[in-house]
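K.L.:
Just dropping this structure here.
Here it is as structure tokens:
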């Protein structure tokens with residue numbers, strides 16, 4: 182009888198675990214997010230009857246009296262220099278979101294018992310502000326970062342908030358530190374919203390205090406000398422995510438555990454890990470990026486494939502943008518110059534066996550990572566089970582699909598190709 | 182061909198993935214830990230040729246001028262009150278471990294870019310100091326906490342250290358705040374060593390700065406009114422750990438993701454989650470505790486079972502102590518009064534099917550959690566796949582195995598049963 186149950190369980194692997202996925206969907210659906218919750222007070226007592234959300238109109242600004250000159254762009258190393266100001270919004274379970282403040286960049290003062298130090302209660306986002314030749318400043322699809330941050334907060338019982346209000350405050354922070362955005366092509370201002378649990382007690386539970394802060398760092402292009410394809414190590418020793426875990430959310434907990442595997446891959450001569458899942462070795466992500474693979478089908482069509490959002494895959498903004506551009510091309514709604522019309526887009530699981538068989542049959546066209554920091558990162562080699570698999574790349578380091586999509590994507594980010602994805606940070 | 186590889190992979194499930202486990206063992210074996218590394222300086226230049234480890238002899242003590250009276254023991258809630266002092270030891274990649282300081286308990290000042298806030302670079306330990314009727318203060322197997330902390334640090338690329346030196350410094354902290362240890366039976370001083378990454382840059386990598394601190398909190402017994410068995414929810418929606426992940430290490434990243442599942446279980450009327458793994462629903466841990474189950478075999482013998490340390494199970498000090506006492510009893514080396522001699526101890530995987538079949542055949546004797554905070558936590562009910570499974574408990578809330586082991590364990594912790602596990606914090 183135990184054996185029968187075991188067999189039954191084996192017939193229901195994680196991919197078809199519908200009840201689990203239905204519950205996760207219910208718990209974390211975007212429609213269930215608290216948005217624009219109105220603050221109401223009792224007319225007699227003045228007490229809150231619903232707690233205040235983030236209120237952009239109550240922003241207080243304390244300008245720095247010690248403004249620093251931004252460093253020369255050529256000296257920039259990712260994430261090491263920060264602008265003059267930061268945004269701070271404290272939250273408490275009793276009073277909701279407090280008054281937002283833009284104040285001089287400086288240290289936080291936190292008691293050593295605060296839960297972020299012990300239980301990793303932290304959520305973050307990464308987005309970029311671009312400045313074009315005319316000085317116009319824009320963000321790329323920032324609404325997606327706000328939605329994801331609210332969803333991530335929910336996953337680890339941190340407070341949720343009105344993403345539109347936070348975005349307006351971030352725009353104000355960018356306006357104040359606008360002169361920190363490098364002018365040079367490929368450079369940008371990396372914006373880092375972070376939300377931490379600051380409950381002053383070492384019990385494990387939902388925090389009664391939290392702090393949302395936003396800091397900004399001027400950054401250079403990932404590939405200043407043009408694209409350089411990277412080699413990946415298909416790790417079977419370490420995993421990044423698992424069913425029922427946190428891989429589908431942008432949480433700090435997904436990052437610290439990746440450092441040792443990254444060092445192990447580097448010692449073997451590879452740039453990043455290719456994270457595989459399960460005994461089938463499903464491809465999931467690359468380093469801290471989403472991933473895409475392109476196959477040539479028997480009928481000559483190209484198939485662009487990325488793993489589905491099954492709870493283990495981060496819903497990346499670049500991932501979504503690549504898929505969206507590719508699908509509009511495939512449907513004929515918005516053709517991309519230089520990309521074949523014989524083109525299919527799939528969100529489906531891919532195993533290493535499939536990739537390897539395609540490589541051996543000359544049907545593997547390209548493989549690349551996609552993320553905010555790097556945009557597109559082509560791959561030319563995968564070490565897997567003691568063998569190296571070579572992946573084609575063009576003389577510019579890219580492939581026939583990534584090259585076209587990269588140009589469209591970067592054009593839209595920088596505003597040279599007009600699109601509703603580019604959100605202007607208005608002057609004043 | 183792809184299908185053949187898929188089948189081959191399916192024949193090699195995670196439990197028999199020897200190459201992966203061998204590598205994990207090599208990377209994290211206790212014997213590989215850096216211990217008592219000597220600090221050496223170049224005789225000519227005075228420069229370090231190996232970086233300083235924690236040096237207990239260089240301790241600086243700055244006493245608080247604002248000593249607070251410890252609160253009445255009856256008012257204590259776990260982890261909310263902290264003693265007058267804390268231990269702080271900063272580390273940097275260039276200078277190694279800095280001078281240790283015991284100083285007044287107070288806030289840390291950390292830049293918002295510090296990696297702990299973004300990437301969850303945090304490791305912690307939990308241990309208890311007991312004071313017996315004669316005022317003698319002792320710790321329970323603190324060497325195991327030190328070894329585990331070094332091992333945990335290694336897993337997320339935080340600096341390792343000489344655990345013996347840290348333990349001596351912790352003893353000094355306890356001596357200084359000794360009057361904070363409650364006298365009452367069942368009360369203790371909870372000691373919380375924590376190590377965080379404080380690299381001032383938002384790149385993901387090994388930190389170039391870190392901070393080790395130790396804070397102490399007087400705590401009461403988990404069950405002030407005697408044992409109260411708890412109900413568990415066998416969660417199939419969420420998982421705590423996975424092969425190749427971090428479940429076998431005491432990292433912050435294992436805790437924040439458990440809060441929402443805990444709330445979900447509580448809403449269904451259960452106290453904690455029973456974390457299940459894989460389609461076979463292997464039992465792994467209970468809430469934030471290790472777990473044990475007792476079966477009655479067909480020949481009448483009792484079998485005490487706990488899941489093996491396969492990388493997903495935390496190597497708990499209480500878990501190890503329960504196993505050790507049980508094994509010494511089974512082998513006849515150290516018989517425990519009141520426990521049958523017909524007794525087997527197993528570290529092996531257990532599935533819910535096995536537990537369910539045993540319950541239906543009246544062969545399920547008891548099931549309990551084990552951890553530092555609670556010591557032993559008996560379970561009387563498990564909700565699993567929409568059914569409730571009842572588990573026997575005695576009139577005192579415990580079972581025939583847990584009762585005997587609990588008494589032996591607590592006796593050794595409090596020093597009423599002499600043992601080498603109890604380490605005296607000497608007067609000075």
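Protein chains in written order, with our numbering: chain A, 182 to 609; chain B, 182 to 609. Ideal placement from N, C-alpha and C gives every residue a C-beta, glycine not left out.
Is residue 253 (chain A) near the ligand MN, going by C-beta to nearest heavy atom under 6 Å?
P.N.:
For the ligand MN, the structure offers nothing, since it holds no ligand at all.
K.L.:
Starting from the C-beta of residue 478 (chain B), find all residues in its chain whose C-beta is less than 7 Å away, skip the five residues before and the five after it, and write them out in chain order.
P.N.:
484
K.L.:
From this set, B:242, B:368, B:527, B:408, which residue's C-alpha is nearest residue 265 (chain B)'s C-alpha?
P.N.:
B:242
K.L.:
Could you give the residue range of the alpha helix (DSSP H) that holds residue 563 (chain B)?
P.N.:
Note, residue 563 (chain B): premise wrong, no alpha helix (DSSP H); beta strand (DSSP E) at 556-565.
K.L.:
Using the beta-carbon count (16 or more within 10 Å), is residue 594 (chain A) buried or exposed?
P.N.:
buried
K.L.:
Could you name the residues of chain B that residue 338 (chain A) contacts, counting a contact when the two beta carbons are closer than 7 Å?
P.N.:
Those within 7 Å of residue 338 (chain A) in chain B are 440, 441, 444.
K.L.:
Taking the straight line between their C-alpha atoms, what separation do you get for residue 446 (chain A) and residue 468 (chain B)?
P.N.:
33 Å
K.L.:
I'd like to know whether the C-beta of residue 486 (chain A) is nearer than 7 Å to at least one C-beta of chain B.
P.N.:
Answer no: the Cβ-Cβ gap between residue 486 (chain A) and chain B never drops below 7 Å.
K.L.:
Would you mind stating whether residue 391 (chain A) and residue 340 (chain A) have Cβ atoms separated by less than 7 Å?
P.N.:
Annotated as proximal: residue 391 (chain A) and residue 340 (chain A), with beta-carbon spacing under 7 Å.
K.L.:
What alpha helix (DSSP H) runs, 4 residues minimum, are completely inside the segment 436-518 of chain A?
P.N.:
440-448, 498-512
K.L.:
Indicate the three-state DSSP secondary structure (helix, strand or coil) for residue 601 (chain B) in the structure shown.
P.N.:
coil
K.L.:
Name the residue from A:569, A:280, A:576, A:381 whose alpha carbon lies nearest to the alpha carbon of residue 238 (chain A).
P.N.:
Relative to the Cα of residue 238 (chain A), the nearest Cα in the group A:569, A:280, A:576, A:381 belongs to A:280.
K.L.:
How long is the line joining the alpha carbons of residue 401 (chain B) and residue 363 (chain B), rounded to whole angstroms?
P.N.:
8 Å
K.L.:
Does the segment 518-529 of chain A come close enough to the segment 459-467 of chain A to have 3 or more Cβ pairs within less than 8 Å?
P.N.:
no
K.L.:
Run down chain A in chain order and give the residues with a C-beta less than 7 Å from the C-beta of residue 530 (chain B).
P.N.:
Result: empty, since nearest Cβ-Cβ is about 11 Å, beyond 7 Å.
K.L.:
Use the C-beta contact count for residue 571 (chain A): other C-beta atoms within 10 angstroms, 16 or more gives buried, fewer gives exposed.
P.N.:
Exposed is the call here.
K.L.:
Can you find the residues in the same chain that come closer than 7 Å, C-beta to C-beta, to residue 299 (chain B), ignoring five residues on each side of it along the sequence?
P.N.:
383.
K.L.:
At least one CB of chain B closer than 7 Å to the CB of residue 387 (chain A): is that the case?
P.N.:
yes
K.L.:
So is residue 483 (chain B) in contact with chain A if we call contact Cβ pairs under 7 Å?
P.N.:
Not closer than 7 Å to any Cβ of chain A, the Cβ of residue 483 (chain B) fails to qualify, so no.
K.L.:
Assuming residue 333 (chain A) and residue 430 (chain A) make a contact with CB atoms under 8 Å, what is their CB distance in whole Å?
P.N.:
4 Å
K.L.:
For the segment 244-263 of chain B against the segment 363-382 of chain B, do three or more pairs of beta-carbon atoms, one drawn from each stretch, fall closer than 8 Å, so that the two count as touching?
P.N.:
yes
K.L.:
Mind checking the segment 290-310 of chain A against chain B and listing, in chain order, the residues whose C-beta falls within less than 7 Å of any C-beta there?
P.N.:
Near chain B, meaning a CB-to-CB distance below 7 Å, the residues of the segment 290-310 of chain A are 290, 291, 292, 293, 294, 297, 298, 299, 300, 301, 302, 303, 305.
K.L.:
Quick check on residue 474 (chain B) - is its C-beta less than 7 Å from some C-beta in chain A?
P.N.:
no
K.L.:
On the CB-based measure, 16 or more other CB atoms within 10 Å of its CB, does residue 491 (chain A) come out buried or exposed?
P.N.:
buried
K.L.:
From residue 517 (chain B) to residue 561 (chain B), what does the alpha carbon distance come to, in whole angstroms?
P.N.:
24 Å
K.L.:
Going by the DSSP bridge assignment, what does residue 269 (chain B) pair with across the sheet?
P.N.:
DSSP output for residue 269 (chain B) lists B:282, B:394 as bridge partner(s).
K.L.:
Under a CB-based cut-off of 7 Å, is residue 437 (chain B) close to chain A?
P.N.:
yes
K.L.:
Take residue 585 (chain A) as the anchor and find which of A:520, A:532, A:427, A:345 has the nearest alpha-carbon.
P.N.:
A:520
K.L.:
Alpha carbon to alpha carbon, what distance is there between residue 336 (chain A) and residue 207 (chain A)?
P.N.:
Here the model assigns residue 207 (chain A) a pLDDT of 49, short of 50, so the residue's position is not dependable and the matter cannot be decided.
K.L.:
What residue range is occupied by the uninterrupted beta strand (DSSP E) comprising residue 376 (chain B)?
P.N.:
First-last of the beta strand (DSSP E) with residue 376 (chain B): 369-378.
K.L.:
Whole angstroms are fine: how far does the CA of residue 421 (chain A) sit from the CA of residue 556 (chain A)?
P.N.:
21 Å
K.L.:
Below 8 Å, how does it come out for the segment 309-328 of chain B and the segment 340-349 of chain B: are there three or more Cβ pairs, yes or no?
P.N.:
In this structure the segment 309-328 of chain B lies against the segment 340-349 of chain B, because at least three pairs of beta carbons, one per stretch, are closer than 8 Å.
K.L.:
State the CB to CB distance for the pair residue 494 (chain B) and residue 465 (chain B), rounded to an integer number of angstroms; the pair is presumed to be in contact (CB under 8 Å).
P.N.:
6 Å
K.L.:
Please report the straight-line C-alpha distance between residue 451 (chain B) and residue 356 (chain B), rounded to a whole angstrom.
P.N.:
Cα to Cα, the separation comes out at about 40 Å.
K.L.:
List, in order along the chain, the chain B residues whose C-beta lies closer than 8 Å to that of residue 469 (chain A)?
P.N.:
385
K.L.:
Quick one: which chain A residues come within Cβ less than 7 Å of residue 263 (chain B)?
P.N.:
Those are 294, listed as they occur along chain A.
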